[in-house]
Amino acid sequence: MSTLSNLTEPNVPQDAWCLFLDIDGTLLEHAAHPDAVVVGDELRTLLAGLELQLDGALAFITGRSIAAVDHLFQPLRLRAAGLYGLEHRLTRDGPVEAAGEPADIAALAEEIEAELGSADVYIERKGPILAIHTRAAPQLLQRATQLVEQALGRLPVGYRVLAGNAGVELMPLEAAKGAAIRRFLDLPAFAARRPVFLGDDTSDENGFEAVNEMDGISIRIKPSGPTAARHVLAGVGEALAWLAAVSQRNLDGSTGLVHPLNGRSR
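Structural data, given as structure tokens:
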């Protein structure tokens, strides 16, 4: 695992590459409620431009459902892996492979809502994934974590608990961003390209590990501790500036590796 002291700002590859993007905390600042975030036209334009420049080799890799992603970024309907890879849209504007909510997860969600549901805690039901957001009530994170950990003993085998920066999630073991990235890399649009992945949370670590194994570029946004990522950007603003500089480099047709934050060729 990398520590903060040995993380560096990222370059972009000279050869063919593809781009995978987390959303919350990476492209958008976190909000107390997931529905409170807003996507501006500038970000939509940037993403549409990058997707065109990369010949379609761009995909969201997110814990949100694809329906929620489409609502945020409309009218864009880019390639995406939602629910940590339990949902996929493998082609732009294509059909979505969706995931439903099992009865036992629905029952658990209702139990937790009865105890913690309030204006300050948001229980998000995402098919087979149950997310408890405590950003507005950090004092309840420990109790939320206890509730989902206790539930593991009565759920079918194959679930895990994932703690995040401001909440906790219960999800199937197969929900993993690394697996979602690998699935895209098997597609013609992504094949033979070097993967670049930007993320900000513990749920992104599995994706960083997968990208590192493929000699890709792993970038953690605003890390607070050890990470598998090999590069760092200080926050959402810096991530957007980096992506904008990469896009401009593509438009300019410059050659060689570029350090987008300061514009120097290397």
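When we follow my numbering, the leftmost residue of the sequence shown carries the number 85, and every step to the right adds one.
Beta carbons: idealized from backbone N, C-alpha and C, even for Gly.
Residue i burial status per 10 Å Cβ neighbour count (16 or more: buried)
i	result
valine 241	exposed
valine 153	buried
leucine 269	buried
glycine 147	buried
methionine 255	buried
alanine 235	buried
arginine 304	buried
glutamate 126	exposed
alanine 191	exposed
The alpha helix (DSSP H) enclosing residue i, as first and last residue numbers
i	result
valine 232	225-235
alanine 328	320-336
phenylalanine 292	289-297
leucine 200	187-200
Residues of its chain near residue i, where Cβ-Cβ distance is below 8 Å and the 5 sequence neighbours each way are ignored
i	result
leucine 200	Ile207, Ile216, Leu224, Arg227, Ala228 and Leu231
glycine 251	Ala215, Ile216, His217, Thr218, Arg219, Leu225 and Ala228
leucine 324	Leu111, Leu127 and Leu130
isoleucine 107	Phe144, Thr146, Arg148, Val153 and Leu156
histidine 315	Leu91, Thr92, Glu93, Pro94, Ile301, Ser302, Ile303 and Arg304
Cut-off 7 Å between Cβ atoms - residues of its own chain near residue i, not counting five sequence neighbours on either side
i	result
proline 186	Pro212
isoleucine 196	Ile207, Ile216 and Leu231
Enclosing beta strand (DSSP E) for residue i [first to last residue]
i	result
glutamate 171	171-173
alanine 247	243-247
leucine 254	251-256
isoleucine 107	Isoleucine 107 -> no beta strand (DSSP E), and no H or E assigned at all.
For residue i, three-class secondary structure by DSSP
i	result
proline 212	coil
leucine 138	coil
phenylalanine 268	helix
aspartate 177	coil
isoleucine 150	helix
aspartate 99	coil
leucine 239	coil
Neighbourhood of residue i by C-beta distance below 6 Å, restricted to the same chain and skipping five residues each side
i	result
leucine 112	Val121
leucine 214	Ile189, Ala193 and Leu254
alanine 116	Arg219 and Ala220
field: contact_flag[the segment 277-291, the segment 95-104] where n(CB pairs < 8 Å) is 3 or more
entry: Segments in contact, yes.
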